[in-house]
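Contents: one structure, followed by commentary.
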Amino acid sequence: MWSNVVVVAEQVAVLFILIAVGFISGKTVLITESGAKHLTNVVLYLATPCIMVKSFQKVKFSPELLLNLAVCALCAFAIQILSVIICRLIFRSKDESRRIVMRFAAVFSNCGFMSLPLQQAILGDTGVFYGTVFVASFNIIVWSYGLLDMSGDKVGFDIKKIILNPGVLGASAALLLFLLKIQLPEVLLSPIEYIAGLNTPLPMLVIGFYLTRFKFKDSVCDLGIYAVSAVRLLLIPCAALFVMKLCSVDTDIIVSCTIAASAPVAATTTMFAAKFNRDADLSVGLVSVTTILSIITMPVIIALAQTIG
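Heads up, the numbering used here is the position in the sequence shown plus 8, with the first residue counted as 1.
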């Protein structure tokens, strides 16, 4: 297991070096607030859909792979639902704004920005193939349950946002090409692969930029942040790993889903908190602290998944 920890730690370290570059770029104003938003849009609307299409193009269609895809979808949705149940049971703060942000943060992982690069590095295109399914499930749950929970009512709920977001659209396009056994010509596939290559460095730079907002003094004494960190980084991924192993799920699916489940708090938490006037400062602290702690927790959890998967 410890050899696996070292291998995964090296991959995580690469990502955190990129995050450090983003942090320095933010401090030196090489990346600005406006620039970070534009980079985020490039990742969401171009790089993420392209890496989904690329990964599906790199695997050959087979009935067994199609079955594994269905199993992965089931696992992804089950993990999200399990996370919702766990967090509703644990987080019961009397402060509604604080409770909602903590619950949202613990449920939703950074399964796109942090997980897809790791899935690519550890499992190759097969990992991204399964990771794409998790991202699609994340988008469906976050734009339905997440939106309703954070808003407190149905204001802003729109079925179009569930269907017409880049994560679901990219996964749908990739899946359609896969099911129809359509192999894109090299003249189209090459630019898609080039754009997909941005999916690793750009998200890390953006995360690094937002870490410049981290208020260490305010967060270090907040026990709620540590509670969310323990649930998000340890309890949920370990519970997901245990259940998948108990159900004899394919090893690659277990590892890929565990990577997604062990990722730190999604940056979406801050965006939603700001939009619906929840505790935005708390959300920034949660994203920052879990991102920093994940450099320790992710290698251990992922190595455990590789060992027992």
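Even for Gly, the Cβ is constructed at its ideal location relative to N, Cα and C. Treat the numbers as computed from the prediction; the structure is a model and nothing was measured.
Excluding the 5 residues flanking it on each side, L241 has same chain C-beta neighbours closer than 8 Å at S270, P272, T298, L301, S302, T305, M306 and I309, in chain order.
In terms of CA proximity to A114, Y234 leads the group Y234, D260 and C265. In the structure shown, the three-state DSSP call for S117 is strand. When DSSP states are grouped into helix, strand and coil, V273 belongs to the strand group. Taken through DSSP and simplified to helix, strand or coil, N285 comes out as coil. With a 10 Å radius around the Cβ and a threshold of 16 neighbouring Cβ atoms, G160 comes out exposed. Within its own chain, the residues whose Cβ lies closer than 8 Å to the Cβ of V141, once the five positions on either side in sequence are excluded, are L77, C80, A81, A84 and A179, listed in chain order. Take the alpha-carbon of F69 and the one of E41: they are about 42 Å apart. Counting of Cβ neighbours within 10 angstroms places C255 among the exposed residues, the total staying below 16. Residues S105, R106, V109 and A281 of the same chain have their beta carbon placed closer than 7 Å to that of D287, with the five preceding and five following residues left out of the count. The closest CA to that of S152, considering only K45, A129, I89 and E201, is found on I89. For G43, the closest of K189, N285, L213 and L23 by C-alpha to C-alpha distance is L213.
By the CB criterion at 8 Å, G34 and T220 fall inside the cutoff. Distance between G293 and V239, taken at the CA atoms: about 15 Å.
The DSSP-derived three-state label of I39 is coil. Boundaries of the alpha helix (DSSP H) around V92: P71 to I98. Here the C-alpha atom of S237 lies approximately 20 Å from the C-alpha atom of V13. In this structure, I267 sits away from S91, with a CB-CB distance that is not shorter than 8 Å. G135 is a Cβ neighbour of D260, given a cutoff of 8 Å.
Distance from A55 to L196 at the Cβ level is roughly 16 Å; contact not present, criterion being Cβ atoms closer than 8 Å.
The stretch 181-197 makes contact with the stretch 58-73, as at least three CB pairs between them are under 8 Å. Within the same chain, L210, L213 and V214 come within 7 Å of L47 by CB-CB distance, once the 5 residues on both sides are set aside.
V29 is a Cβ neighbour of G216, given a cutoff of 8 Å.
As the crow flies, the alpha-carbon of R111 is around 9 Å from that of I94. Comparing alpha carbon positions, the residue from S123, L290, Y53 and I262 closest to L23 is S123. P174 sits close to P57, with the two beta carbons spaced by under 8 Å.
Of all alpha-carbon atoms in G120, V37, D157 and G232, the one lying nearest the alpha-carbon of S101 is that of G232. Inclusion of A248 and I149 in the CB contact set at 8 Å is not warranted, their separation being larger than that value.
Annotated three-state conformation of K189 is coil, per DSSP. Burial state of T208 is buried, judged by a 10 Å Cβ sphere holding 16 or more other Cβ atoms. Bounds of any alpha helix (DSSP H) do not take in F222, whose DSSP letter is neither H nor E. Nearest to K189 by C-alpha distance, out of L74, G154 and F121, is L74.
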